[in-house]
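Numbering (the working numbering), first residue to last: 805 to 1070.
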């Protein structure tokens, strides 16, 4: 099963567009930039997600990735940005408490990543959470010179390596989903040969209701999909039990991109 073309069309009709995430952050204030101080995250007992079940890894297909090729019941949840330190921390606890596996696409300029270095690095080292490159300032890469694109990706790459011991290659996510041949060529020179977009979205780059977020999860949580969410606002942190229920009801296996694909890193 492949979503490299059809997935984008399918996702356009529902909660959010499958390519363009136009309300994502555009600047990097020194404090929580995306919303007022979040309410404390409720300490709710969350059931466990099923363990990953990847019988055999598959090669990464050429071009832009929007889904998981092949057959199976895998779900790749990917979470962008990290504008809120509280939400990043809640995602880390979600992983620890439930066994959830997912990929963070890190915007390196946000303080949340260094705030949670101690808790996050062990999960990265174990492979439960994967990190990918989402640039340094969440810039529209298509609007930059080749030097500007290289700087955005290189700064985040150095940050990931220095703080977490990984650099995210070969996966990067261009902010807003905006990329072209020039951007992809610059990224590939830095080791990022696979732009990762998505099939469906939780639509939470901006502040939305918990009900709407769950509606989007029910619409898009299907086998062999790549889903985009954001570590920016608290509503997602209040519905983790519901997300796990959907995953369990549909017999989905959460995987990181590294869980599913054969990668060859230098």
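Note that beta-carbon positions come from the ideal geometry of N, C-alpha and C, so glycine has one too.
Nearest to residue 932 by alpha carbon, out of 1060, 1011 and 889?
1060
Under a three-way DSSP split, which group does residue 894 fall into?
Helix, per DSSP.
By the three-class DSSP mapping on this structure, what secondary structure does residue 971 have?
coil
For residue 931, which of helix, strand or coil comes out of DSSP?
coil
According to DSSP, which residues form a beta bridge with residue 1005?
1032
Residue 1021 lies in the alpha helix (DSSP H); which residues open and close that run?
Start and end: 1014-1024.
In the DSSP assignment, what are the bridge partners of residue 948?
In the DSSP output, where bridge partners are listed per residue, residue 948 has none listed.
Starting from the Cα of residue 925, find the closest Cα among 938, 1020, 914 and 908 and give me that residue.
908
Residue range of the beta strand (DSSP E) that residue 881 falls in?
878-885
Spell out a yes or no on whether the stretch 863-873 and the stretch 1014-1023 are touching, meaning 3 or more CB-CB pairs, one atom from each, closer than 8 Å.
Fewer than three pairs of CB atoms, one per stretch, sit closer than 8 Å, so the stretch 863-873 makes no contact with the stretch 1014-1023.
Throw me the rounded Cβ distance for the residue 882 and residue 1066 pair, which I believe falls under 8 Å.
The pair is not a contact, with the Cβ atoms about 18 Å apart (cut-off 8 Å).
Rounded C-beta distance between residue 1056 and residue 879? I'm assuming under 8 Å.
Beta-carbon to beta-carbon, residue 1056 and residue 879 are separated by about 4 Å, close enough to satisfy the 8 Å threshold.
Check whether the stretch 929-943 and the stretch 969-987 are in contact - that is, three or more C-beta pairs closer than 8 Å.
yes
Could you check what DSSP says for residue 1041 in three-state terms: helix, strand or coil?
Reduced to three states, the DSSP call for residue 1041 is helix.
Could you give the DSSP three-state label for residue 981: helix, strand or coil?
Residue 981: helix per DSSP, three-state reduction.
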